[in-house]
Amino acid sequence: LNSALKNTKIKWEPIPIALGVGFLGVWQLYRIQRREKHTQREADKDEVVLDQQGRPKKREKIRPSGPWTVQIMSTLPLKALSRLWGRFNELDIPYYLRVPGFKLYSFIFGVNLSEVSEPDLHVYPNLAAFFYRTLKPGVRPLDPNPNAVLSPADGKVIQFGTIEHGEVEQVKGVTYSLDALLGSIRPTYKGPAIEAAADAREQASDKHTKAGEEDIMRADEEFAQVNGISYTLPNLFSGPWPKDNKPSEMPSDQATKPQPSSEAEVRADLALSEAKRPWWAPASAQTPTTLYYCVIYLAPGDYHRFHSPVSWVVESRRHFAGELYSVSPYLQRTMPGLFTLNERVVLLGRWRWGFFSYTPVGATNVGSIKINFDRELRTNSLTTDTAADRAAEEAAARGEPYSGFAEATYENASRVLGGHALKRGEEMGGFQLG
Amino acid sequence: STIVLVFEAPKGVRPSLDEGYKGERKGGFRWKIHQGKKVKVGEALGYV
Chain A
2 LNSALKNTKI KWEPIPIALG VGFLGVWQLY RIQRREKHTQ READKDEVVL
52 DQQGRPKKRE KIRPSGPWTV QIMSTLPLKA LSRLWGRFNE LDIPYYLRVP
102 GFKLYSFIFG VNLSEVSEPD LHVYPNLAAF FYRTLKPGVR PLDPNPNAVL
152 SPADGKVIQF GTIEHGEVEQ VKGVTYSLDA LLGSIRPTYK GPAIEAAADA
202 REQASDKHTK AGEEDIMRAD EEFAQVNGIS YTLPNLFSGP WPKDNKPSEM
252 PSDQATKPQP SSEAEVRADL ALSEAKRPWW APASAQTPTT LYYCVIYLAP
302 GDYHRFHSPV SWVVESRRHF AGELYSVSPY LQRTMPGLFT LNERVVLLGR
352 WRWGFFSYTP VGATNVGSIK INFDRELRTN SLTTDTAADR AAEEAAARGE
402 PYSGFAEATY ENASRVLGGH ALKRGEEMGG FQLG
Chain B
5 STIVLVFEAP KGVRPSLDEG YKGERKGGFR WKIHQGKKVK VGEALGYV
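Chains as they are written, first to last, in our numbering: chain A, 2 to 435; chain B, 5 to 52.
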């Protein structure tokens, strides 16, 4: 190598003009083609796209804009990498390497081992088990003030504030719409007279009867007429109240187990709300409300289970089978609408003051989101991706735009509350590796 | 991984000038965090 470097003669020659012209021509053609593709994609956004055989095309992968790092990342098969990463971390570590291995991991990522519930690190067979560790009882005391909104997880506050004109600010100057993050937030619930409906359901037999359903619908309509509710909240509900206020046809989560202790506490908390106002109805002039948001980032060394910030009722969940970009603060700064691209589980419900939503967003290393009370949920799975593709195709065949998510309701979890009750501080689920 | 909370909460009321209004709302939800703050489970993000 040394002699080659020393003895090779370097000869400089001008690039032939034709080559330069050819290169510029090819580059120009590439740019035109790319522009045309982009224009076509914009035009076809709300239309059914058919392939050459006349069948609806599969959903196209969204290519985000951003610097070259983002562009390179968008070409990688991130979900496949994430699954591979998960499998790799489920491999058992040899017994005698576990303690030094986990201690090295803790040193690098700042894990406080004194808080870990299991003092003997040999118990964790692999990194995936250590990553999803539990903490000792009492190391995370809840704020004693009952009016506090608690932190749902260990992490860093990335952004917080109020939502103006239905847009959430990701970083300074970069915003995304609330509908893109959570899906269209129009009520799909049975209606406003929650208490009346709950009483009616209590009185009705266990079997779901059509007559009972009609009674509830009638109660809802009467409530709406009496109260003259416009069914819109500024900055949140852009559309009219759906006239056919039917219960959701999505399959409910049969695996959900109601927790009596949580339910009693949540009921007591909700009873404090102003005149038992349903979450979607406008507040009175005495207590005007607005929408607040907060984004919390969990670093690799943090405790990766998440908890309920307040006492609330989860009424439905929406699973967006998106991509799995990293959600590091760098990418949050450089990739606009990152949270609207990534795979996420949106939990929608109500609390004492109205609407409440909780959205765990997956990332490349932690693509699996687990919700304790939803055993049917499967994230970062090939099956759900295929199901999402199929749903997109079916929507296209019907000539409708694809909503982008699969929805399930928890109305069977509690007949009285119409959803799954969670008390403040209760563990809800967590992020798992891969 | 990231968690995004979006919730409705009281925004407080503006007291009248007689009550000493100085451009701030009275009551409502108040954040107790700042950007970049490290938080733990159970710690208050804000109070109503």
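Quick reminder that beta carbons are idealized off the backbone N, C-alpha and C, glycines included.
Listed along the chain, the chain B residues whose CB falls inside 9 Å of the CB of residue 297 (chain A) are 6, 7, 8, 9, 43 and 49. Taking a 10 Å sphere around the C-beta of residue 315 (chain A), we find 16 or more other C-beta atoms and assign the residue as buried. Per the coordinates, the alpha-carbon of residue 33 (chain A) lies some 49 Å from the alpha-carbon of residue 152 (chain A). Residue 9 (chain B) has A:295 and A:359 as its beta-bridge partners, per DSSP. The C-beta of residue 343 (chain A) has 16 or more other C-beta atoms within 10 Å across all chains shown, which makes the residue buried. Taking 9 Å as the CB threshold, residue 101 (chain A) stays off the interface with chain B. Under the 9 Å criterion on CB atoms, residue 13 (chain A) is classed as non-interfacial with respect to chain B. The C-beta of residue 31 (chain A) has fewer than 16 other C-beta atoms within 10 Å across all chains shown, which makes the residue exposed. Among the residues of the segment 121-142 of chain A, those with a Cβ less than 7 Å away from any Cβ of chain B are 141 and 142, in the order of the chain.
Residue pairing of residue 16 (chain A) in beta bridges, as defined by DSSP: absent, with no partner found. Selection A:100, A:122 and A:369 evaluated against residue 320 (chain A) yields A:369 as nearest (Cα-Cα). Short of 8 Å from the beta carbon of residue 14 (chain B), and not among the five residues preceding or following it, lie these beta carbons of its own chain, in chain order: 31, 32, 33 and 52. The distance from the Cβ of residue 47 (chain B) to that of residue 144 (chain A) is about 6 Å, consistent with a contact at the 8 Å cut-off. If you ignore the 5 residues before and after residue 118 (chain A), its C-beta comes within less than 6 Å of the C-beta of 135, 136 and 137, all in its own chain and listed in chain order. Beta-bridge partners assigned by DSSP to residue 38 (chain B): none are found.
Contact of residue 426 (chain A) with chain B is assigned, a C-beta pair being separated by under 9 Å. Separation of residue 424 (chain A) and residue 348 (chain A) (C-alpha to C-alpha, rounded to the nearest whole angstrom) is 15 Å. In this structure, residue 154 (chain A) places its C-beta atom within 9 Å of the C-beta atom of residue 306 (chain A). By the neighbour-count definition (other C-beta atoms within 10 Å, threshold 16), residue 4 (chain A) is an exposed residue. Of the candidates A:158, A:106, A:14 and A:74, the residue whose Cα lies closest to the Cα of residue 35 (chain B) is A:158. Proximity of chain B to residue 154 (chain A) at the Cβ level (cut-off 9 Å) is accounted for by 5, 7, 43, 44 and 45, in chain order. In this structure, residue 359 (chain A) sits away from residue 162 (chain A), with a CB-CB distance that is not shorter than 9 Å.
DSSP places residue 429 (chain A) inside the beta strand (DSSP E), whose first and last residues are 428-433. In the DSSP assignment, residue 161 (chain A) falls within the beta strand (DSSP E) that extends over 156-163.
Contact between residue 99 (chain A) and residue 123 (chain A) is confirmed by a C-beta separation of about 5 Å, below the 8 Å threshold. Identification of chain B residues near residue 356 (chain A) by a Cβ-Cβ cut-off of 7 Å yields 11 and 12, ordered along the chain. Against chain B, the CB of residue 76 (chain A) has no partner CB under 9 Å away; the residue lies outside that interface. Excluding five sequence positions before and after residue 20 (chain A), none of the CB atoms of its chain fall closer than 8 Å to its own CB. Distance check between residue 411 (chain A) and each of A:375, A:115 and A:147 places A:375 closest, using alpha-carbon atoms only.
When the beta-carbon positions are compared, residue 12 (chain B) and residue 132 (chain A) stay at least 9 Å from each other. The residue among A:72, A:111, A:73 and A:129 with its C-alpha nearest the C-alpha of residue 91 (chain A) is A:129.
Pairing residue 373 (chain A) with residue 408 (chain A) gives a Cβ-Cβ distance that is not under 9 Å.
For residue 164 (chain A), the C-beta contacts it makes with chain B under 9 Å involve 10, in order along the chain. Pairing residue 406 (chain A) with residue 147 (chain A), the inter-Cα distance amounts to about 34 Å.
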